[in-house]
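Working notes for the structure below.
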Ligand SMILES: O=P(O)(O)OC[C@H]1O[C@H](O)[C@H](O)[C@@H](O)[C@@H]1O
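In my numbering, the protein residues as written are 582 to 1026.
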């Protein structure tokens, strides 16, 4: 099981101050459990892992197989919660160079619909010109501009290139049961579709088809992923005592740090495969907590890469940060540092050591240096990067986020602030229905 070590925060906050959260955390957990807190119509993620049926998984796997059999490339079209979870898991579990290898065992996964860069989309459509490709159109609302725009291009190209019949086979929609343009298109065109439950918000949707279908297409075991999440659901349940409940401890500690002026949480990894886990986590915590002029700012770094760019700031900049390190205990492969007779680089002291041992000492050395520099440090220890452990990690962060948001006093399940830019963009683009806003915004330019 994943474990959490908060010892290295105790030079900055006291053990007693964290322990003092017990009653408050219990209240937050009960509000989640009983659906009595803010945003209680979005709690479908809470017992999702333990309620996923074998039939549902089989349906997902069967659809994944159709795309695996018929596609060299699959485009995951989605933004925010509609792509980050899938990308986080796929990248954490994939060989870093798989997409460059000649012989592939699964379609190459590419992401689109998460930006509006003309060059990105042009280059993507160029790349796809001679490829057998499929598309998963993922949007809970079914109306997100970035995703709809990319899908419009990809749908047309897929139909032109592969014919309407094949396109119907290799385009899948994951969207609302009834509402939205993506639903209307899927029903009209006869695409296979999956439903995002009403009561699961985008950033909590990785264990719905939103995450599970792309992950299955990429060749990973979604049963094990869900099993890991379900075990964490148990381990972080409302009846698990505070002192043993990882999510409760995490939520309490980060709130206490925040209260003590630590306004920024930096999620740290020492393995580049975890980069998108951090991106997923940033959305989860940022959209959940950043409201009412409150909330820890979720940031992330990849070490040791960023020790050579952000390391200086973390060591000696403003003391408003704390670090949460995802520490992976075991690597998958063995590689030793070779001995070199000339020893021109002076690295013979490392000869015969595993590369991971060097990485682990970088991790330990960094922790001690940063704590000495005034940065509280938490460690989430995960045994290895596989489906089961990543499943645990995802659910741990979700439940930790629900509890933490309630401790902060906000509704962790809405995101009203995201609408502001959209309104301006539509006004600037003269979208029908935005006439008043268009006039008002033009006057400001
Ligand atoms: O799935 P969609 O409805 O397309 O939404 C995609 C994303 O964009 C929205 O604006 C929200 O801020 C996110 O929470 C959401 O994950």
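By construction, the Cβ of each residue, glycine as well, lies at the ideal position given by its N, Cα and C atoms.
query	result
With a threshold of 8 Å, establish whether the CB of residue 633 neighbours any heavy atom of ligand 1.	no
Any idea if residue 991 is buried or exposed, counting beta-carbon neighbours within 10 angstroms, 16 or more meaning buried?	buried
Rounded to a whole number of angstroms, what is the C-alpha to C-alpha distance between residue 681 and residue 917?	24 Å
Can you check whether the CB of residue 1000 is closer than 9 Å to the CB of residue 1008?	no
So, at 6 Å on beta carbons, what are the nonlocal neighbours of residue 732 in its own chain, with the 5 sequence-adjacent residues on each side left out?	658, 718
Residue 655 and residue 714 look like a contact to me (Cβ under 8 Å); what is the Cβ gap, rounded to whole Å?	7 Å
For residue 665 and residue 857, which I take to be in contact (beta-carbon distance under 8 Å), what is that distance rounded to the nearest angstrom?	7 Å
Report all residues from its chain with a CB closer than 6 Å to the CB of residue 662; omit the five preceding and five following residues, and keep chain order.	783, 784, 786
Is there at least one non-hydrogen atom of ligand 1 closer than 8 Å to the beta-carbon of residue 877?	no
Taking contact to mean at least 3 C-beta pairs separated by less than 8 Å, is the stretch 829-843 in contact with the stretch 588-604?	yes
Jot down the residue ranges of each uninterrupted alpha helix (DSSP H) in the stretch 901-965, minimum 4 residues, whole runs only, in chain order.	936-953
Quick check on the DSSP output: what are the complete alpha helix (DSSP H) runs of length 4 or more inside the stretch 643-687, in order along the chain?	665-674
Could you tell me whether the stretch 810-824 touches the stretch 971-985, where touching means 3 or more Cβ pairs closer than 8 Å?	yes
Which runs of the alpha helix (DSSP H), 4 residues or longer, sit entirely within the stretch 679-761?	699-708, 726-751
Can you tell me which residues form a DSSP beta bridge with residue 776?	756
To the nearest angstrom, how far is the alpha carbon of residue 699 from that of residue 709?	15 Å
Is residue 646 buried or exposed, if buried means 16 or more other CB atoms sit within 10 Å of its CB?	exposed
Looking only at its own chain, which residues have a Cβ that is under 6 Å from the Cβ of residue 633, when we skip the five neighbours before and after it?	807
Would you check if the distance between the CB atom of residue 846 and the CB atom of residue 903 is smaller than 9 Å?	yes
Using the C-alpha atoms, what's the distance from residue 779 back to residue 862?	21 Å
Can you tell me whether residue 951 is buried or exposed? The criterion is at least 16 other CB atoms within 10 Å of its CB, across all chains shown.	buried
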